[in-house]
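Residue numbers (full-length UniProt numbering), protein chains in the order written: chain F, 1 to 390; chain A, 1 to 390; chain V, 1 to 390; chain G, 1 to 390.
There are 4 protein chains.
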Amino acid sequence: MAKATGLWLVGARGSVATTAITGLLALRANLVEPVGCVTARPELAHELFPGWTELVVGGHDIAHQPLAKRAEQLADAGVLPHRIVPAIADDLRAVSAEIRHGYHPAEAHEPAAAAIDRMAADIARFQHSHDLEQVVVVNVSSTEAPFPELPEHDDLAALDAALRDPARTVLPPSSVAAYAAVRAGCAYVEFTPSLGIRVPALRALAERSGLPYAGADGKTGETLLRTALAPMFTERALRVRSWAGTNLLGGGDGATLADAEQVRGKLASKGRGLAALLGEEVTAPLHIDNVPELGEQKTAWDHVSVEGFLGTQLTLQFTWNGYDSALAAPLILDLTRLVTAARRAGERGALGALGFFFKDPLGSTEHRLAEQARELADWIGGLHAEGAQG
Amino acid sequence: MAKATGLWLVGARGSVATTAITGLLALRANLVEPVGCVTARPELAHELFPGWTELVVGGHDIAHQPLAKRAEQLADAGVLPHRIVPAIADDLRAVSAEIRHGYHPAEAHEPAAAAIDRMAADIARFQHSHDLEQVVVVNVSSTEAPFPELPEHDDLAALDAALRDPARTVLPPSSVAAYAAVRAGCAYVEFTPSLGIRVPALRALAERSGLPYAGADGKTGETLLRTALAPMFTERALRVRSWAGTNLLGGGDGATLADAEQVRGKLASKGRGLAALLGEEVTAPLHIDNVPELGEQKTAWDHVSVEGFLGTQLTLQFTWNGYDSALAAPLILDLTRLVTAARRAGERGALGALGFFFKDPLGSTEHRLAEQARELADWIGGLHAEGAQG
Amino acid sequence: MAKATGLWLVGARGSVATTAITGLLALRANLVEPVGCVTARPELAHELFPGWTELVVGGHDIAHQPLAKRAEQLADAGVLPHRIVPAIADDLRAVSAEIRHGYHPAEAHEPAAAAIDRMAADIARFQHSHDLEQVVVVNVSSTEAPFPELPEHDDLAALDAALRDPARTVLPPSSVAAYAAVRAGCAYVEFTPSLGIRVPALRALAERSGLPYAGADGKTGETLLRTALAPMFTERALRVRSWAGTNLLGGGDGATLADAEQVRGKLASKGRGLAALLGEEVTAPLHIDNVPELGEQKTAWDHVSVEGFLGTQLTLQFTWNGYDSALAAPLILDLTRLVTAARRAGERGALGALGFFFKDPLGSTEHRLAEQARELADWIGGLHAEGAQG
Amino acid sequence: MAKATGLWLVGARGSVATTAITGLLALRANLVEPVGCVTARPELAHELFPGWTELVVGGHDIAHQPLAKRAEQLADAGVLPHRIVPAIADDLRAVSAEIRHGYHPAEAHEPAAAAIDRMAADIARFQHSHDLEQVVVVNVSSTEAPFPELPEHDDLAALDAALRDPARTVLPPSSVAAYAAVRAGCAYVEFTPSLGIRVPALRALAERSGLPYAGADGKTGETLLRTALAPMFTERALRVRSWAGTNLLGGGDGATLADAEQVRGKLASKGRGLAALLGEEVTAPLHIDNVPELGEQKTAWDHVSVEGFLGTQLTLQFTWNGYDSALAAPLILDLTRLVTAARRAGERGALGALGFFFKDPLGSTEHRLAEQARELADWIGGLHAEGAQG
Ligand SMILES: NC(=O)c1ccc[n+]([C@@H]2O[C@H](COP(=O)([O-])OP(=O)(O)OC[C@H]3O[C@@H](n4cnc5c(N)ncnc54)[C@H](O)[C@@H]3O)[C@@H](O)[C@H]2O)c1
Ligand SMILES: NC(=O)c1ccc[n+]([C@@H]2O[C@H](COP(=O)([O-])OP(=O)(O)OC[C@H]3O[C@@H](n4cnc5c(N)ncnc54)[C@H](O)[C@@H]3O)[C@@H](O)[C@H]2O)c1
Ligand SMILES: NC(=O)c1ccc[n+]([C@@H]2O[C@H](COP(=O)([O-])OP(=O)(O)OC[C@H]3O[C@@H](n4cnc5c(N)ncnc54)[C@H](O)[C@@H]3O)[C@@H](O)[C@H]2O)c1
Ligand SMILES: NC(=O)c1ccc[n+]([C@@H]2O[C@H](COP(=O)([O-])OP(=O)(O)OC[C@H]3O[C@@H](n4cnc5c(N)ncnc54)[C@H](O)[C@@H]3O)[C@@H](O)[C@H]2O)c1
Ligand code: NA
Ligand code: NA
């Protein structure tokens with residue numbers, strides 16, 4: 001029988017992580033159907049995907065709330081069905097016990113280099129103790145403020161030296177986590193808009209180490225819709241004149257993004273996509289507002305003004321309402337299965353074919369959702385276990 | 001130099017026809033850019049497409065209002081820019097002079113067979129007098145009530161006999177027009193939800209006569225959006241639970257569709273697509289309301305309720321507002337160019353690759369907009385003038 | 001100490017009733033705040049209102065599902081907080097035991113006259129056994145199809161004779177219930193669009209018997225908004241040209257209203273109000289669609305097209321989403337308190353000042369919400385216990 | 001016969017002013033009906049209101065574009081009907097000739113005191129040359145950035161001294177205009193969120209001079225709706241939890257408000273009202289985005305999250321779309337008529353009864369639209385020509 005795969009979540013006690021973990025445990029216990037899991041579509045089935053029972057979860061976080069407690073809060077907020085949490089309580093406790101303390105510069109008593117060593121060791125220990133074939137590290141921790149490009153980012157030796165200097169902070173926590181992942185010989189998925197593995201020296205190291213990675217910033221709401229709709233205008237030769245958006249969200253992510261610094265990262269990854277989709281810059285004011293009263297819900301309103309035949313005006317408005325974490329969580333499971341399969345098939349470097357899942361796809365310039373879906377299906381169709389073909 | 005192509009509009013004095021004609025004349029006079037014309041996208045350019053100056057327009061209608069008058073009304077209603085109508089007044093008058101009286105059972109003093117002969121002759125005379133390479137007939141007349149299937153529809157001889165019987169009405173006006181088109185050796189485009197060429201004996205005759213045809217029911221509003229959005233849910237393994245829609249429209253089409261009989265045809269072609277897109281029937285109440293106060297505007301509201309991960313609810317609402325005829329008109333020009341090219345390339349029968357333009361595509365079961373766009377592009381890429389390759 | 005008041009619900013096992021009962025029990029147990037209860041606003045406090053602990057509930061229904069079971073379903077559907085139902089389980093069982101079998105012509109083994117006697121006796125027994133000062137009967141049973149006006153409706157003797165004829169059905173169940181209420185000496189509230197007490201002979205009898213009554217059709221959603229918004233247009237001298245609406249709802253009420261017959265009653269009470277508000281008939285297509293997938297939620301979309309200065313167009317769209325029963329339930333408690341107070345103050349006949357709560361107010365032609373709020377406040381301010389003043 | 005009244009517009013060449021002037025001229029010529037004019041409602045008719053033919057217009061602006069040119073642009077943008085502008089071209093030219101150069105610190109070659117003298121003289125000359133009974137000054141110039149409170153604002157002598165100092169700018173242009181108005185013995189209306197007459201020393205001076213004034217910031221869009229809707233929640237004892245808003249607008253006002261400084265003034269006057277309406281502060285993120293592509297249109301989206309019975313969530317969303325200046329212009333005519341009548345009736349100081357027209361009403365704390373409508377009607381009902389009663 002195949003060895004199990006590890007899923008190592010950075011930010012493992014957050015909403016997205018808790019929802020993904022609860023969902024995995026519920027799927028394993030046959031309590032729910034895999035609605036929202038792309039890799040569960042019969043059309044995309046593949047033998048290299050690990051089954052729900054073949055995934056073991058651990059992670060890092062800097063918070064210490066037990067997963068079961070977070071799960072209960074999410075049930076009260078409407079994200080998780082009330083009946084599920086008690087049914088998987090034991091499994092939740094087991095996962096909670098696999099979560100180690102992460103790294104944050106605000107509380108760091110160690111240079112980043114030491115944190116990387118420590119965290120890589122955490123992952124290695126996890127892999128060893130569960131006898132895992134491989135571990136996939138997925139970052140779902142709080143969005144960070146945009147981080148400046150530094151010369152050290154282009155050169156691994158210089159980076160290593162700077163990381164050893166306790167007086168400097170040359171990488172944000174997401175990139176520290178990405179480095180720890182690569183150090184531990186793991187594939188890495190950047191689900192947030194943070195820098196993560198997008199440091200040239202780290203990307204090169206992953207590639208050299210034969211490791212695949214994917215990202216960045218899960219595409220689950222407004223941007224998902226934009227990448228489904230914008231091609232419609234282009235294909236119909238209609239000219240988008242403006243595309244305004246407002247996002248209202250509560251939850252942990254709402255609080256983080258309310259901080260003007262952090263939100264810039266999110267807005268930037270959203271903006272890049274729209275211009276790429278429309279082939280030109282358009283007036284596109286965009287807001288993310290923290291509305292704690294909405295709890296775990298997210299509501300997005302978009303207003304699109306379009307020029308049609310003979311200069312006539314068309315207007316499209318949409319409102320999208322959902323539970324943010326429930327949109328993201330199944331993608332975490334999908335990405336884990338896909339990246340596991342990619343590595344089994346010997347893929348390395350940026351997995352552009354996974355752009356379907358991201359606002360800011362690494363290794364691809366394609367933003368059109370339907371094209372991404374096709375690329376994903378083609379890529380899955382072409383996966384073969386390494387050595388299996390010869 | 002290439003001979004010109006004829007565009008023969010059934011319903012030539014209606015809103016869609018008048019907007020298409022005005023637009024063509026304005027494009028020819030370089031007064032506007034071809035926004036909304038799919039065949040004008042540089043990516044899709046093809047030498048077999050006739051240029052704007054290579055199209056000559058005529059048609060049938062049972063109304064007699066001069067085109068210039070209708071164009072002025074459309075300008076007052078906001079569909080056409082005020083500056084354009086006077087600039088092309090002479091050309092409009094010339095087209096208006098090419099419109100012949102059509103056929104309607106309510107006023108028919110002739111058996112349908114005679115009407116078919118008369119209308120085919122109108123088209124032939126038009127082709128001859130302008131020395132046209134070919135004529136494309138496009139039906140943009142008022143939507144008809146659903147028409148029953150009759151045994152005569154399957155057998156041309158029986159159909160011909162029945163058409164000669166002045167006591168019977170075995171074909172609706174759209175199918176009489178389609179028959180006249182085929183009789184005159186013309187390709188036919190069904191832009192409305194009416195029966196038109198979808199009579200088995202007529203389809204077979206067109207095929208035998210080496211004539212291409214396309215349809216049915218131009219996809220310009222709510223359905224356009226649905227075919228862009230529904231695949232997003234499927235591809236993300238999300239489960240659409242209900243999809244409700246309300247359409248408000250004024251204009252001639254609003255008045256026609258307010259009649260409960262006629263609207264059934266339109267609702268049927270809309271419904272078929274949704275089930276095909278989602279792979280199953282969902283609760284999908286749909287309304288078309290006549291709101292004369294909206295003039296030529298159409299507003300559609302859709303409410304989609306979706307089941308996501310762990311049974312959570314997602315809700316999408318959209319409102320689409322535009323000038324109906326301005327959405328349809330450029331497609332009339334596109335279809336004329338595409339069907340002209342198809343015939344030049346020797347295509348015959350249903351042009352499934354034009355499904356991109358239709359709610360109820362003939363010759364195709366594909367409803368996903370992005371797939372249709374790709375099929376269209378591939379098909380255009382593969383067109384070669386007949387005999388050109390050998 | 002004051003004697004308690006009885007609340008007798010017709011349709012006592014339905015969604016609205018169960019939510020009202022659960023809410024009352026939760027208020028009594030101090031588990032929730034009286035959000036949504038108009039009579040709990042400090043500005044409107046009045047000594048003649050019975051307290052939450054001074055209300056005893058019973059009722060009629062033709063279904064037999066225990067209230068606790070219905071309450072659990074409503075909790076799963078999101079209408080009731082999960083924590084409340086177990087906390088009041090005993091009280092719910094006690095109320096459930098006070099519900100008697102009602103009357104429905106489809107299952108009636110008795111002439112309507114006998115049913116009226118039986119049901120009046122049920123209420124009297126309830127009043128006696130709990131030593132209640134008075135009982136208020138509130139109809140929250142399923143909406144009925146519009147009922148024809150009959151000559152017997154104008155004359156009590158003729159009505160009584162016809163009711164004794166087992167071969168005839170001269171009153172719908174709601175009016176049978178209203179008659180039973182009046183017979184038992186109770187005030188009556190018509191919360192549905194059904195005929196209920198709106199039979200001239202019954203209204204006269206209530207008046208003669210010194211009984212107050214109120215109705216009809218609780219105003220909780222789209223109409224509530226319309227009566228808040230329409231005056232804005234009038235006061236600003238703006239001219240509403242069209243007002244279209246679509247209502248999507250699941251739940252028991254959705255299923256009932258999907259039946260074309262029943263819905264006519266509801267649409268009629270909605271339509272009357274709009275014309276009254278705007279001072280003229282406008283194009284106002286209106287739909288109620290049953291979407292079972294929405295569960296207990298109701299979503300309404302309204303599109304209002306308005307003519308402004310110099311003929312410019314204004315457009316207002318709104319979407320209203322809520323849990324239907326949670327909107328209605330607090331009004332049931334309010335109406336019970338208000339009607340109790342009215343009777344204590346010696347009011348009889350139609351209580352026009354309660355028009356604030358109804359789509360189709362009895363005893364008033366005022367539909368503007370703000371005016372109704374003011375009339376309500378003035379009326380409450382003027383209430384004095386009968387005899388108290390002299 | 002009654003003497004005519006003067007309307008002196010500050011910002012007389014802007015969109016609002018041009019629309020108001022065009023509308024007045026069209027009303028005078030019987031080309032349009034007074035839709036949108038509150039004072040034209042038969043219920044509010046009053047003999048002290050000047051007729052359309054009894055108003056003469058002049059003004060200040062710092063731009064010099066002829067009114068006829070601006071009117072044509074507004075017709076192209078859909079604000080004015082195309083047929084009207086040519087029909088009143090001569091009258092427009094006449095008004096345009098009555099517009100004098102205003103005051104702006106950026107171009108001022110004079111101390112503010114001199115500007116006040118000059119502008120007061122402009123108004124006096126205008127009054128004299130047209131033999132006007134009185135002149136009403138209405139500020140519709142560009143919104144200014146919030147202006148700091150200064151000690152000089154409380155004391156007229158200190159203010160006058162500071163205004164004579166060419167090195168200081170102690171009043172923004174709107175207040176310079178207000179001072180000029182009072183100096184010229186005119187009533188003043190502040191239609192913008194700028195400081196205007198809201199300088200304590202100026203308010204006191206107006207009062208002492210027996211002059212009425214009104215303001216501030218015309219209520220024409222999102223806020224109009226909020227003040228119609230918020231009372232609905234309060235009256236129904238529902239608890240608003242959040243009220244988010246996004247405004248998209250092009251036009252001159254869009255460009256001005258895009259400047260972060262200016263927008264603060266507007267957002268402040270909007271925010272004050274909401275808290276007053278709901279009785280408490282709620283989460284209420286608010287944005288104004290400049291979208292030049294929308295031309296003269298304004299679109300507002302509001303999302304209101306409300307707590308109902310038993311903690312259930314209600315959600316209201318609305319979208320409001322209109323031509324901003326067409327919403328404002330009739331109010332300018334109304335305010336001119338009302339303030340004229342107020343002065344004829346001997347009113348002085350802040351006209352709180354005109355709060356109906358303003359986001360930030362001077363002389364009133366009432367924000368509820370329906371209450372304001374009632375106060376306005378009562379106030380009009382109580383107006384009598386000064387001395388007429390004695
Ligand atoms: N639909 C979606 O929810 C969605 C879509 C795209 C991206 N994302 C991203 O996913 C991330 C998680 O979202 P969420 O809603 O779960 O947020 P959350 O606030 O609920 O959870 C974030 C978790 O990260 C932890 N954390 C913070 N800093 C850390 C560090 N340095 N090391 C380890 N853990 C750390 C926090 O303690 C918390 O448990 C965010 O960055 C968000 O932008 C979410
Ligand atoms: N976006 C769109 O506008 C759109 C999209 C899809 C389909 N359509 C279809 O296009 C058609 C035209 O729409 P429209 O808005 O121009 O309507 P319209 O009412 O303005 O025009 C219809 C024209 O057809 C003419 N006509 C009616 N019966 C005829 C007959 N028997 N023979 C010849 N002419 C006849 C009428 O006189 C009129 O001039 C409708 O069937 C509509 O459903 C329109
Ligand atoms: N916001 C609102 O929910 C709202 C607003 C206005 C009016 N109403 C009206 O309130 C009523 C109840 O709505 P609901 O959602 O609770 O519906 P429901 O279907 O959940 O409940 C109706 C109840 O009435 C019972 N019933 C049916 N016929 C009866 C009879 N002849 N005698 C006694 N009981 C009978 C049914 O068994 C059921 O228990 C409906 O008429 C609805 O139109 C509701
Ligand atoms: N619905 C509405 O349009 C609405 C509602 C409330 C308030 N307002 C306010 O009305 C004002 C006018 O709006 P608009 O759309 O006409 O703007 P606009 O930009 O079209 O016009 C403003 C005019 O003011 C002139 N101006 C600028 N500074 C001046 C000065 N110091 N002295 C004299 N004139 C000056 C400009 O030259 C311009 O002609 C704005 O302050 C706006 O906020 C408008
Ligand atoms: Na919702
Ligand atoms: Na619009």
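Idealized CB from N, CA, C, for every residue including glycine.
Chain V within 8 Å of residue i, Cβ atoms only
{"i": "F:His82", "result": "yes"}
{"i": "A:Leu24", "result": "no"}
Minimum Cβ-Cβ distance from residue i to chain F less than 8 Å
{"i": "A:Arg168", "result": "no"}
{"i": "G:Asp289", "result": "yes"}
Residue i at chain G interface by Cβ criterion, 8 Å
{"i": "F:Gln317", "result": "yes"}
Residue i - DSSP class collapsed to helix/strand/coil
{"i": "G:His384", "result": "coil"}
{"i": "A:Gln65", "result": "coil"}
{"i": "G:Arg241", "result": "strand"}
{"i": "V:Leu248", "result": "strand"}
{"i": "V:Glu190", "result": "strand"}
Ligand 7 heavy atom lying under 7 Å from the CB of residue i
{"i": "V:Ser325", "result": "No copy of ligand 7 appears in this structure; the ligands present are ligand 1, ligand 2, ligand 3, ligand 4, ligand 5 and ligand 6."}
For residue j and residue i, believed in contact at Cβ under 8 Å, the rounded distance
{"i": "V:Ala87", "j": "V:Leu31", "result": "6 Å"}
{"i": "F:Val176", "j": "F:Tyr103", "result": "5 Å"}
{"i": "A:Leu171", "j": "A:Ala112", "result": "6 Å"}
Residue-chain proximity (residue i, chain C), Cβ-Cβ < 8 Å
{"i": "G:Ala255", "result": "Considering every chain present, this structure includes no chain C. Its protein chains are F, A, V and G."}
Cβ neighbours of residue i in the same chain (closer than 7 Å, five flanking residues each side left out)
{"i": "V:Gly390", "result": "A caution first: V:Gly390 carries a pLDDT of 40, below 50, which makes its placement in the model unreliable, though a value can still be read off. So the list is empty, once near-sequence residues are dropped."}
{"i": "A:Trp52", "result": "Leu24, Leu27, Arg28"}
{"i": "F:Gly11", "result": "Ala17, Asp61, Asn139, Val140, Ser141, Ser142"}
{"i": "V:Trp379", "result": "Ala353"}
6 Å CB neighbourhood of residue i in its chain, flanking five on each side removed
{"i": "A:Leu316", "result": "Val304"}
Cut-off 8 Å between Cβ atoms - residues of its own chain near residue i, not counting five sequence neighbours on either side
{"i": "G:Ala2", "result": "Pro50, Glu54, Glu133"}
{"i": "F:Leu257", "result": "Thr143, Leu249, Val263, Lys266, Ile288, Asn290"}
C-beta neighbour in chain A for residue i, strict 8 Å
{"i": "V:Ala244", "result": "yes"}
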